[in-house]
Ligand SMILES: Nc1ncnc2c1ncn2[C@@H]1O[C@H](COP(=O)(O)OP(=O)(O)OP(=O)(O)O)[C@@H](O)[C@H]1O
Ligand SMILES: Nc1ncnc2c1ncn2[C@@H]1O[C@H](COP(=O)(O)OP(=O)(O)OP(=O)(O)O)[C@@H](O)[C@H]1O
Ligand SMILES: [Mg+2]
Ligand SMILES: [Mg+2]
């Protein structure tokens, strides 16, 4: 019951998602053929994971945002392809450990700057945004490097089961686990009104840092997924995903002032962004109009979510009388 | 402590702008010459004009991420229209009109529909850019008048004044914006609107009007920058505005205007524009490549803001 | 200045010989330093691969949005496809995808195109290595993948391009001759992280190093990135000149940035340096004429470039076998000698056209014959001017 | 002065000595000492800005004292955060009702008991704990899954208190946490407090309401300008004594420190008129006229519609039935109201009133800028003059109009807001509990100001939760019950007793014929 109430916010985007799946199916047979599902999943995964990465910081409120999501993914991709593998650290353990380590480090850096040094999130993460971009180019001045076979396996099917499904499932399980803890309540509280959370004894700085740690790890995972999909490194692979992640969070019904929403909506919205684009490709519409369409859909989604929010509030006040 | 931060915050950006200039002169022998100074002024003034909208929208508690797109639009339209024989002034009027519409939509969506300004303007930007591409397919023929090129040229002069027209224009505009902020009804309303929207509404501040006016101003000034950039590069390019997404925000925050609205002002942004331009100049001067430049710029922005742009701790916000 | 060629190791002479074994003698000169663009050159890449029967579905997989060079490229492909359709060899419509700089998206678009039943996929790839898995899918499904002007490092892809290293070195040598092996050179590069930009830059560096070995005194004093955008190039150049009082005797500019660079020099009160370009924009020629520059540029409009890649594609679709997977070709050059063959008074600093001269061929069609075995008759196509 | 010194045993629960704390130039606490024994209800009184909240913030480790000592059970203690304070057994309800509207009552109350990720208790036990705490305040009926935002302000404040009770506490601190409670709730709360005292726990109680302190406190510590000037046991203090101690100004006036009742004045012309008005369809409709020079009180238990009534008049919400008009001109929106000279003073100063970062001048003049401007242009001097004039009228005590308003004490902030209303040259003032949390000195000023305004022919609607205030100040009082006008008490019938009766919906004298 509460479980459902906590997820109502994602209703619209889920409906839209289903709608676009159907539209895609109508647009081309290729979409229905199970042979292509893996490709689709590989294409959608980064949109979904970066969107989820963006959610924690935005939920944590006070202008919380993480601009470094895209570049961090890019940095991890470069690190794996151009540093780890060439040095022979291409076994699952070292690569996954490194990925998570980098994610945690980045999350800690952002989190401390924001929660302890108290630099506004958009500025702190703008700093890391630029820095990571620079580091990536330093490590990997041009596309190259390689991914070990086991990693590329994530982007392939194993007996009709896409490896990417495993990654997403893993994230889902981890989040569902985390939701059962007090973290979600604390996060929502801090995002809703940090002063209230603080005075009632919540460790606000701690919660914020955790939110950015979560973001860092997920973004790093996106980097891992890039490496699996591309089978190599490319210094410009991460860039576009900061904006798409923010757009996705907005689409996903997460209140951008913090306090309401979750990973589900963001992930669904990420997939939706991807499906919009595939639909345009399948329907042979010029990319130029895709840009316009993205904008329009984003505006409409915002408007709808806001309308829903207003209705909810009106109900609240109706009860208040 | 409160007071201390306020004082530091006020002086800091300006001191920094001056200090940086001397630093550049120190580390880069032979920097001190008229041309260097002029190109610094030129680049700062282009950024400064683009950053006005960013400052004002941030003051009312918003954001304008559509500035780059509007710059691109104006840039392209200038070349197209003038190339097609439309007199430049007519072209300008048309462009400003279109920009005004975009600004209106931004303000309306952000305030009346209460949509998140950051995302609204991002979306608007993507619509505008898409429209440019759809309209031009990236092929922008056309031309710009020679005097416009001169206006945005380092060696350009303004009548008797030994400064490029764009710099003189900027100086005039600075005066205008400062007057608007300090000595006009709209100005006071802008600060009230940013400081406490709910209270402003109850106090009878015409919030919707203020927001729309500010966003229209922002778009129109972005368009002006776009027109000038057409003169600067001598040709049109839809993506000409791209660098201004990060740099305008950087200029505002480095100037010390908090993103929370109601505090700060354009005076600080002016200092911020110099700091940002000087920083990137310095980094180029030190021979850093793209990678190094980006890393340093990233850390410097954070470091500067951490010095004087920090938010009050929760305990003092109780 | 960071040592630019840190990232790539030069293969041994033996390895080079092995790679170049199947490259036609007359073409080898264009392959120097190929390893900056591709790890190795594969011989008989499509040995046991067979093209689909006509009519073919031709597709284009693009990676970047909005400039006239790309626009011409796509337009040319459309026209060529229509030419095939007239002969009943292809479906009249060209399927186009564009990932606008998002490589992962481009990969999934490529896979979608394969799934949609494309038979030939032309591409301007956004990544040298990122598309390989998609290209492999295509290969297995008997779909031909031809990359235009930018090389992908995947064994099953056919690449038709000019060797960026060769381009950079050629320009470099020309610059050095023009400045008599001494003076300061500024490199106005394209976009950091792209292999073309990188390889071009290495080419320049090697030319300079070689000259210095002969006792020259030229050196590269600055690496700027103009993003192939005039205003950015001008901004970067202004900042550079403001902070580098030493004289600049030449600028190595790599596409769409020559005018901005020149204006920056003029406006900083510097004498106009020697400037090389790689794109034959009318605006650049106009500027060149205006200030009678000491300059040089390659001729490579997007349209003719697309055609040059389309010809080998037709060889293959007709059933002929390519000897190698990387086909490098030279480019026409505009210099003081033949300037008037390309310049027209109608050109202005603002015009966005390309000065292609009379003959739209970058190389005669016959140039490609040497790269193929078998003599199946290939469809008749002819390069046409794009609107 | 420090009573604690003379009482060695039993050991003191808390002893603070000579605490000192500055904020910029303001000295919040100069030399403040406080001694709380186990099992006592300890009142902390002082004017606005005398340092009460700051002392409490120190006891919660929110702000640190610059000097002075703090001892728990006789042992020196260092508290660094509200969390640490909670561990030490200090549970606090802060001045602003800090609850999360989006969250359920249950989550709001559990919040802060958990670790970062570790839950304190299984969901089932959580619910039980929450219900127990609520029951203590007579809120057993409350659905604990209901979002707090759907509760009335008073209920929210009670949830805030219940949240504190949920902690394992030995000292409960209430900083003006009764300001929004109606009599019923307050009595229930006080009963609970007495129970807690009985089982040996202590309560530190901040209030500006002398009646509360007299009925409740065993011990009262008085702060003046950041120093503790006295600490008296139950028998030893009376309202007058406390007033005398806390006010720098000596004239501690009449009973409860209120001004004597205003002389009755003849009604002026009709300003505001409601006809066929009802707070919600189906409720009995009524007519109402506000005349020039009249002060009409508005009373009712929390959430019985009186606030909605004010908001309808101010055009902040549409009238469910009937029409609101100023001299035949209907009021449909807030802008209408402002245009017609109907100005509204919101209840929550911090979130709806002040522009914290802006100067007093800007805060006062914001509503009348167009009038001051010539062609949209303003000279700073014009603003300052206007602002100073209005602050003069509203008796704002401040060091300078250029200071940010946040540097004024709450009471003075309140007066500054009144000055803002006056600057608009209003004809009707609609005031939502303007005296909330304002100390008596400031109150006295405000009473005089309001009386003066009425004398000038302004009509005033005054909502207050303090009955005495209504009795003293108003010509008549409209009492609301269950979203309907229960009674309109005329000057002659005004008495706390009759008001309470009407508020509880019992037919008393002068029940309005709908
Ligand atoms: N965070 C702060 N920053 C600056 N000054 C402050 C701060 N908190 C309190 N002060 C100053 O300390 C003085 C005492 O504040 P405090 O909140 O203790 O008063 P108070 O007794 O609680 O008043 P009230 O009855 O209005 O609650 C105030 O007048 C104010 O000027
Ligand atoms: N950040 C701050 N900067 C300056 N002064 C502050 C700040 N925070 C609180 N104060 C001052 O501390 C004093 C008391 O703080 P508090 O929040 O208790 O006021 P208040 O409770 O609103 O006053 P009242 O008790 O009259 O309602 C006020 O005068 C307020 O202006
Ligand atoms: Mg207080
Ligand atoms: Mg108070």
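Protein chains in written order, with this note's numbering: chain B, 1130 to 1450; chain S, 6 to 323; chain L, 518 to 904; chain U, -14 to 499. Using N, Cα and C, we set each Cβ at its ideal position, and we do this for glycine too.
| Asked | Found |
| --- | --- |
| Cross-strand partners of residue 705/L (DSSP beta bridge) | 741/L and 770/L |
| Helix, strand or coil at residue 756/L according to DSSP, with G and I counted as helix | helix |
| Contact with chain L by residue 155/S, beta-carbon distance below 8 Å | no |
| Buried/exposed call for residue 126/U, threshold 16 Cβ in 10 Å | exposed |
| Residue 18/S versus residue 218/U: straight-line alpha-carbon distance, rounded | 56 Å |
| Residue 1246/B versus 1137/B, 1439/B and 1337/B, residue with shortest Cα-Cα distance | 1337/B |
| Rounded Cβ spacing between residue 351/U and residue 128/S (contact assumed at less than 8 Å) | About 32 Å; that fails the 8 Å criterion. |
| Neighbour flag for residue 405/U against chain S, beta carbons, 8 Å | yes |
| The segment 1315 to 1326 of chain B touching the segment 1152 to 1171 of chain B, judged by at least three CB pairs closer than 8 Å | no |
| Under 9 Å by beta carbon: chain L residues contacting residue 30/S | What residue 30/S touches in chain L: nothing, since even the nearest Cβ is about 10 Å away. |
| Spatial distance of residue 190/S from residue 123/S (CA atoms) | 26 Å |
| Continuous alpha helix (DSSP H) stretch holding residue 698/L: start and end | Taken as a continuous stretch (DSSP letters only), residue 698/L belongs to no alpha helix (DSSP H), as it is neither H nor E. |
| Three or more C-beta pairs below 8 Å linking the segment 1356 to 1369 of chain B and the segment 1270 to 1278 of chain B | yes |
| For residue 901/L, three-class secondary structure by DSSP | coil |
| Proximal residues of chain B, C-beta to C-beta of residue 712/L below 7 Å | 1271 and 1272 |
| Ordered list of beta strand (DSSP E) runs contained in the segment 1374 to 1416 of chain B, each at least 3 residues | none |
| C-beta atoms of residue 502/U and residue 430/U nearer than 8 Å | The structure shown does not extend to residue 502/U, since chain U spans only -14 to 499, so no value can be given for it. |
| Given 8 Å, three or more beta-carbon pairs between the segment 1190 to 1204 of chain B and the segment 1337 to 1353 of chain B | yes |
| Short Cβ contact (8 Å threshold) for residue 216/S with residue 115/S | yes |
| Nearest candidate by alpha-carbon position, reference residue 890/L, set 723/L, 539/L, 533/L and 800/L | 539/L |
| Chain S residues whose Cβ lies nearer than 7 Å to that of residue 352/U | 208 and 209 |
| Nearest neighbour of residue 1340/B, chosen from 1189/B, 1179/B and 1410/B [CA to CA] | 1189/B |
| For residue 1200/B, the first and last residue of its enclosing alpha helix (DSSP H) | 1198 to 1208 |
| Residue 1334/B versus 1312/B, 1422/B and 1352/B, residue with shortest Cα-Cα distance | 1312/B |
| Assigned secondary structure, residue 210/S (DSSP; H/G/I helix, E/B strand, else coil) | coil |
| Own chain residues within Cβ distance below 7 Å of residue 97/S, not counting five before or after | 232 |
| Option nearest residue 15/U by Cα separation, candidates 213/U, 134/U and 29/U | 213/U |
| Near-chain L residues of the segment 137 to 166 of chain S - C-beta to any C-beta below 7 Å | 138, 142, 143, 144, 145, 146, 147, 148, 149, 158, 159 and 160 |
| Nonlocal neighbours in the same chain, by C-beta distance under 6 Å from residue 260/S, ignoring five residues either side | 18, 273, 274, 276 and 277 |
| Sufficient close CB pairs (3 or more, under 8 Å) joining the segment 1378 to 1396 of chain B to the segment 670 to 678 of chain L | no |
| Cutoff 8 Å: residue 200/S Cβ touching any chain L Cβ | no |
| 8 Å contact criterion, which residue 717/L and residue 743/L should meet: CB distance rounded | About 13 Å; that fails the 8 Å criterion. |
| Ranges of the alpha helix (DSSP H) found wholly within the segment 1329 to 1370 of chain B, counting only runs of at least 4 | 1333 to 1359 |
| Beta-ladder partner(s) of residue 19/U, from DSSP | 1/U |
| C-alpha distance - residue 1382/B paired with residue 1141/B, whole-angstrom precision | 8 Å |
| Buried versus exposed call for residue 1279/B [16 or more other C-beta atoms within 10 Å across all chains shown] | exposed |
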